[in-house]
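Chains A and B supply the protein sequences, listed in that same order. Residues 1 to 518 in the working numbering are what the first sequence lists, from first letter to last. Residues 519 to 748 in the working numbering are what the second sequence lists, from first letter to last. Where is the CB? At the ideal position from N, CA and C, for every residue including glycine. Source: prediction; values computed, not measured.
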Amino acid sequence: MADCAQPVSPRLGIGAAIVVAALILGTLAAVALRAEPGRGLGSSDWAALRFTLIQACLSAGLSVALAIPVARALARRRFVGRRLLISLLGAPFILPVIVAILGLLTVFGRAGWFSSGLALLGLEPVQIYGLHGVVLAHVFFNLPLATRLVLQGWQEIPAERFRLAAQLGADARAMRQLLEFPMLKRIVPGALAVVFAICLSSFAVALTLGGGPRATTIELAIYQAFRFDFDLGRAALLSGLQLVLTGAAALVAVRVSAGEGFGTGLDRPLQRWDGSTAGARIVDGLWIVLAAGFLLLPLSAIVLAGLPGMLTLTAAVWWAALNSILVAALSTVLLLLLALPMATAVALGRGGVIELAGILGLAASPLVIGTGLFIVIYPIADPFSLALPVTALVNAVMALPFALRILVPRARAVVGRYGRLALSLDMRGGAFVWRVLLPRMRPQIGFAAGLAAALSMGDLGVIALFADPEFATLPLQVYRLMGAYRMETAAAAALLLLALSMAAFWILDRGGRWHAEA
Amino acid sequence: MLRLENCLIENGGFQLRADLTIARGSRVAVIGPSGAGKSTLIEAVAGFRPLRRGAMFWNETALAQIEPGKRPVAMLFQDGNLFPHLTVAQNVGLGIRANLHLDVAKRAQVQAALVRVGLQDMADRRPAALSGGQQSRVALARVLVQGRDLLLLDEPFAALGPALKAEMLDLVGELVAESGATLLMVSHDPNDARRIADQVVLVAEGQAHPPMDTASLLDNPPPALKAYLG
Numbered sequence: 001m002a003d004c005a006q007p008v009s010p011r012l013g014i015g016a017a018i019v020v021a022a023l024i025l026g027t028l029a030a031v032a033l034r035a036e037p038g039r040g041l042g043s044s045d046w047a048a049l050r051f052t053l054i055q056a057c058l059s060a061g062l063s064v065a066l067a068i069p070v071a072r073a074l075a076r077r078r079f080v081g082r083r084l085l086i087s088l089l090g091a092p093f094i095l096p097v098i099v100a101i102l103g104l105l106t107v108f109g110r111a112g113w114f115s116s117g118l119a120l121l122g123l124e125p126v127q128i129y130g131l132h133g134v135v136l137a138h139v140f141f142n143l144p145l146a147t148r149l150v151l152q153g154w155q156e157i158p159a160e161r162f163r164l165a166a167q168l169g170a171d172a173r174a175m176r177q178l179l180e181f182p183m184l185k186r187i188v189p190g191a192l193a194v195v196f197a198i199c200l201s202s203f204a205v206a207l208t209l210g211g212g213p214r215a216t217t218i219e220l221a222i223y224q225a226f227r228f229d230f231d232l233g234r235a236a237l238l239s240g241l242q243l244v245l246t247g248a249a250a251l252v253a254v255r256v257s258a259g260e261g262f263g264t265g266l267d268r269p270l271q272r273w274d275g276s277t278a279g280a281r282i283v284d285g286l287w288i289v290l291a292a293g294f295l296l297l298p299l300s301a302i303v304l305a306g307l308p309g310m311l312t313l314t315a316a317v318w319w320a321a322l323n324s325i326l327v328a329a330l331s332t333v334l335l336l337l338l339a340l341p342m343a344t345a346v347a348l349g350r351g352g353v354i355e356l357a358g359i360l361g362l363a364a365s366p367l368v369i370g371t372g373l374f375i376v377i378y379p380i381a382d383p384f385s386l387a388l389p390v391t392a393l394v395n396a397v398m399a400l401p402f403a404l405r406i407l408v409p410r411a412r413a414v415v416g417r418y419g420r421l422a423l424s425l426d427m428r429g430g431a432f433v434w435r436v437l438l439p440r441m442r443p444q445i446g447f448a449a450g451l452a453a454a455l456s457m458g459d460l461g462v463i464a465l466f467a468d469p470e471f472a473t474l475p476l477q478v479y480r481l482m483g484a485y486r487m488e489t490a491a492a493a494a495l496l497l498l499a500l501s502m503a504a505f506w507i508l509d510r511g512g513r514w515h516a517e518a
Numbered sequence: 519m520l521r522l523e524n525c526l527i528e529n530g531g532f533q534l535r536a537d538l539t540i541a542r543g544s545r546v547a548v549i550g551p552s553g554a555g556k557s558t559l560i561e562a563v564a565g566f567r568p569l570r571r572g573a574m575f576w577n578e579t580a581l582a583q584i585e586p587g588k589r590p591v592a593m594l595f596q597d598g599n600l601f602p603h604l605t606v607a608q609n610v611g612l613g614i615r616a617n618l619h620l621d622v623a624k625r626a627q628v629q630a631a632l633v634r635v636g637l638q639d640m641a642d643r644r645p646a647a648l649s650g651g652q653q654s655r656v657a658l659a660r661v662l663v664q665g666r667d668l669l670l671l672d673e674p675f676a677a678l679g680p681a682l683k684a685e686m687l688d689l690v691g692e693l694v695a696e697s698g699a700t701l702l703m704v705s706h707d708p709n710d711a712r713r714i715a716d717q718v719v720l721v722a723e724g725q726a727h728p729p730m731d732t733a734s735l736l737d738n739p740p741p742a743l744k745a746y747l748g
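Have a look at this one:
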């Protein structure tokens, strides 16, 4: 019928959504069938649950509490490098976890810069392993995200309100009551929920900085049950628990979060008249310097610690790097094959099943999918020989929710603006996709592909489940080198990983925007 | 000949009735108050609005079940008539083959159309590098190569200044005179109708009236039109 004519069919997208949903629910079912409900949770399982919740609460609370003064300072100050600093706040999202951890160890570890400084003052070195190490790493990753979210709240306050407040002669306290508190009341619950949900499924941080009976997250417990005890029943039980937790948290986060922090225009300085006292200037300056130092020191530490070892990297590291590039490339291709048809179908108004797959993707934990895939593959093939494609697939599914958030609004705009023109020219199917949809979406496709490639390049999750001693990706190789206390080689390999991740993101993102017309 | 028999066209909650015939080769302006359903009428002819009731024919062919791109219709929208990432020649070429696989003869056809609208030197530019009037000419060159029997205009020149708009309307007049196409154009300006149209379809109060002679209708407007013209 003419009334539902569309330039392209949503069937592929619905198919892709069904594949994703089947993968997530199928692996879950595989896990559930192996779980032994009669056995219930043991004391160590309860400890893992408790630790998971405590560290997630602390990480969320601290990240957001620190983000409030940092965002306030960034919102009302203008200084050289402000734009750069605000762009850098987006970087931890694509920063490989293992690289950041190595950097944090170099700065805050027992033999790190911070402890050496304390030793000069005759103080004891700080202890980074355990709960506070896990929380420190989570704050490192999520303080920038929380800052971006609160900064977005500041940017959404209309300029007229600042003018009005200035006209009324509002002092710092009045500004808080008039503008800041109402904004925070709207933004903070969402920010807390997002950071909490992210920290719930923390694996790599807990693997490297936690461990032991007192600092094990559920994800880590799944890995240990699987890898050390090969106790599929227990891994399955823990997977079920994890899925309930992340599912609930993802639902809450989606419900209460206002924006996703991908918003553009965050570097636009607002015209402000408040905070001009010397005290306010000093306090703001201090917060900016502290936050920038906290983010930049570990990264500089990796560069400094890694450079000397770059020339002596072993063949094993280069092979691992090649594996990582292959995983990232395959994962990016898989992601685009899933996300583009899904985004198109949503743009055509066939949202239902696809939204469901998107929510499932947010709730899914890579270790749960990995465990399920292992159970499914085990009877028919050697799971370890499939480490590379399985890792790529799981990474693609994990990147899917972010990719959809980037692609869907643009796909909607393109179909809305050019759909009828294309129809009137009898331009459908392939002609529409190749001549209109893909060229018009190129910048967004490049951005999504860049994120997916960088996330996959730095991922240390499923690969830890599936890799045999002969096979490693670069993040796993860094982890193994750390475990063998070969810190200089580990730092060099981490620097290589950092360079590869950033290069993958930069090339794809730039490639998308290259010669892209408005 | 375009024939609308007892048509009921739906647009959201709004309904428009139409029972009229438009002779082949005539130039018809669709006028009426804003929100009365002028665009709804031509969108139905183009195939973007479903018929709740009635039937629509071009000569003896029933149109209702034919997809927009397969109808004997070329249409220009209010805006967004060009793809900004394609060159002028590609935008015109879409009118011949939507996948842009054009052989030498077809490319010559595109070039001839660009010559006809006075843009022979602009073939490799992108729309952003052209003025508003030039962009309208590109869209008209595409209409030319489409070679359809019916040309529908949904105020594509509304954003142009008065002189440029008049120039475009004159060009449209020349083009349909050369090709013998039937023109159906939405307008809210009676002067446009006088300039180019020999007949007027008045759309008011949920009804599209049969076409009437432009001059006599505008000189002796019925009450509904009089209220609109003021």
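1) With a 10 Å radius around its C-beta and 16 neighbouring C-beta atoms as the bar for buried, classify B:Asn-577 as buried or exposed.
2) By DSSP, does A:Gln-477 sit in helix, in strand, or in coil?
3) Would A:Ser-63 be called buried (16 or more neighbouring beta carbons within 10 Å of its own) or exposed?
4) Taking Cβ positions only, does B:Met-703 come closer than 8 Å to chain A?
5) Indicate the three-state DSSP secondary structure (helix, strand or coil) for B:Gly-665 in the structure shown.
6) Assuming B:Ile-584 contacts B:His-706 under a Cβ cut-off of 8 Å, what Cβ separation, rounded to an integer in Å, is found between them?
7) Give me the residue from B:Val-656, B:Pro-729, B:Leu-747 with the minimum Cα distance to B:Ala-541.
8) How far does the beta strand (DSSP E) with A:Ala-484 in it extend, from its first residue to its last?
9) What residue range does the beta strand (DSSP E) around A:Thr-147 cover?
10) Give me the Cα-Cα distance between A:Ala-491 and A:Ala-345, rounded to the nearest whole angstrom.
11) Give me the chain B residues within the contact set of A:Ala-431, using Cβ-Cβ distance strictly less than 8 Å, ordered along the chain.
12) Between which two residues does the beta strand (DSSP E) carrying A:Leu-89 extend?
13) Below 8 Å on C-beta distance, what does B:Met-593 contact in chain A?
14) Taking Cβ-Cβ distances shorter than 8 Å, what residues in chain B pair up with A:Arg-417?
15) Would you say B:Leu-612 faces chain D, with C-beta separation under 8 Å as the test?
16) Relative to the C-alpha of B:Leu-668, which candidate in B:Gly-650, B:Phe-675, B:Pro-645, B:Ala-695 has its C-alpha closest?
17) Have a look at the DSSP bridge pairing and note the partners of B:Arg-535.
18) Counting Cβ pairs closer than 8 Å, one from the stretch 208-223 of chain A and one from the stretch 365-385 of chain A, do we hit at least three?
19) In the structure shown, what three-state DSSP assignment does B:Ile-614 receive?
20) List the residues of chain B that A:Pro-439 touches, going by C-beta distances under 7 Å, in chain order.
21) Could you give the DSSP three-state label for A:Gln-177: helix, strand or coil?
22) Please compile the residues from chain B whose C-beta is within a distance smaller than 9 Å of the C-beta of A:Val-8.
23) According to DSSP, is A:Phe-384 helix, strand or coil?
24) Tell me whether A:Ile-24 sits in a helix, a strand or coil according to DSSP, three-state version.
25) Let me make sure I understand the geometry here. Which of B:Glu-561, B:Leu-658, B:Met-519, B:Arg-625 has the alpha-carbon closest to that of B:Leu-689?
26) Do the CB positions of A:Phe-384 and A:Ala-453 come within less than 8 Å of each other?
27) Which value, in whole angstroms, describes the spacing of the CA atoms of A:Val-126 and A:Leu-88?
28) Which partner residues does B:Arg-625 have in the DSSP bridge list?
29) Name, please, each residue of chain B whose Cβ falls closer than 7 Å to the Cβ of A:Arg-11.
30) Cutting at 6 Å between CB atoms, please list the residues of its own chain near A:Trp-434, excluding the five before and the five after it.
31) Using DSSP's beta-bridge definition, name the partner residues of B:Gln-717.
32) If B:Thr-732 sits next to B:Gln-717, beta carbons under 8 Å apart, how far is it from one beta carbon to the other, in whole angstroms?
33) In chain order, what residues of the stretch 552-570 of chain B put their CB closer than 8 Å to some CB of chain A?
34) Relative to the C-alpha of A:Glu-470, which residue among A:Leu-104, A:Val-317, A:Arg-163, A:Ala-47 is closest?
35) Check each candidate in A:Ala-339, A:Leu-326, A:Ala-280 and name the one with the smallest Cα separation from A:Leu-74.
36) For A:Ile-101, write down the residues that DSSP places opposite it in a beta bridge.
Here's the rundown:
1) exposed
2) helix
3) buried
4) no
5) coil
6) Not confirmed; about 29 Å, so no contact.
7) B:Pro-729
8) Per DSSP, A:Ala-484 belongs to no beta strand (DSSP E) and is neither H nor E.
9) A:Thr-147 -> not in any beta strand (DSSP E); alpha helix (DSSP H) instead, spanning 131-155.
10) 44 Å
11) Ala-616, Asn-617, Leu-618
12) That residue, A:Leu-89, is in no beta strand (DSSP E); it is neither H nor E in DSSP.
13) Ser-424
14) Gly-598
15) Among the chains of the structure shown, chain D does not appear; the protein chains present are A and B.
16) B:Ala-695
17) B:Leu-526, B:Gln-725
18) yes
19) coil
20) His-603
21) helix
22) Result: empty, since nearest Cβ-Cβ is about 12 Å, beyond 9 Å.
23) helix
24) helix
25) B:Leu-658
26) no
27) 27 Å
28) Paired residue(s): none; B:Arg-625 is not in a bridge.
29) Those within 7 Å of A:Arg-11 in chain B number zero; the least Cβ separation is about 17 Å.
30) none
31) B:Val-546, B:Asp-731
32) 6 Å
33) Ala-564, Gly-565, Phe-566, Arg-567, Pro-568
34) A:Val-317
35) A:Ala-280
36) The partner list for A:Ile-101 (beta bridge, DSSP) is empty, contrary to what the question assumes.
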